[in-house]
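In full-length UniProt numbering, the protein residues as written are 1 to 143.
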């Protein structure tokens, strides 16, 4: 969380707490900041849920030596689900912070082409032939 917080603060040149207050005061002023603050909040909630699930699992593992019972396996599944959710939300925040991420630039930009440079299809194309309009020869016909 610390690394992502630092990236957000570097991107907007202000502490995260100040950015949150600014977004609350005027959410339409900077839609990008509003989106990032929203997803960061979801990420923080998921991180808290993960820590709670991990604590419950560690506590359960300390009380029951030996074979793992179903309740402990369910706690482990909850930890796995929380890790997946946290990682997914972290990926969204990282995507939102990356100005060079795929889909954030014009068409063809990933190849180094300006959007104006790509006016025609990448491959030469011709209109498809409609059924019944093609010239076909009869089978078995001789000349």
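Here a beta-carbon is modelled for each residue, glycine too, at the ideal position from N, C-alpha and C.
What you are looking at is a predicted structure, and each value in this text was computed from that prediction instead of being measured.
Three-state secondary structure assigned by DSSP to residue i
i, result
"residue 31", "helix"
"residue 109", "Confidence at residue 109 is low in this model, with a pLDDT of 48, below 50, so the placement of that residue is unreliable and no value is reported for it."
"residue 131", "coil"
"residue 71", "helix"
"residue 44", "helix"
"residue 100", "coil"
"residue 84", "helix"
"residue 14", "coil"
"residue 50", "helix"
"residue 26", "coil"
"residue 66", "coil"
"residue 1", "coil"
Cα-Cα separation, residue i to residue j
i, j, result
"residue 13", "residue 5", "12 Å"
"residue 127", "residue 99", "38 Å"
"residue 75", "residue 47", "16 Å"
"residue 8", "residue 71", "39 Å"
"residue 22", "residue 102", "28 Å"
"residue 93", "residue 61", "33 Å"
"residue 56", "residue 69", "14 Å"
"residue 59", "residue 30", "44 Å"
Reference residue i, options the options, closest by Cα
i, options, result
"residue 34", "126, 127, 97 and 104", "97"
"residue 1", "58, 69 and 87", "87"
"residue 24", "10, 41 and 11", "41"
"residue 38", "101, 89, 129 and 130", "89"
"residue 50", "73, 81 and 103", "81"
"residue 54", "83, 130, 3 and 131", "83"
Exposed unless 16 or more other CB atoms sit within 10 angstroms - verdict on residue i
i, result
"residue 19", "buried"
"residue 43", "buried"
"residue 3", "exposed"
"residue 173", "Within the shown structure, residues of the chain are numbered from 1 to 143, placing residue 173 beyond reach of any answer."
Residue-chain proximity (residue i, chain B), Cβ-Cβ < 7 Å
i, result
"residue 88", "In the displayed structure, chain B is absent; only one protein chain is listed."
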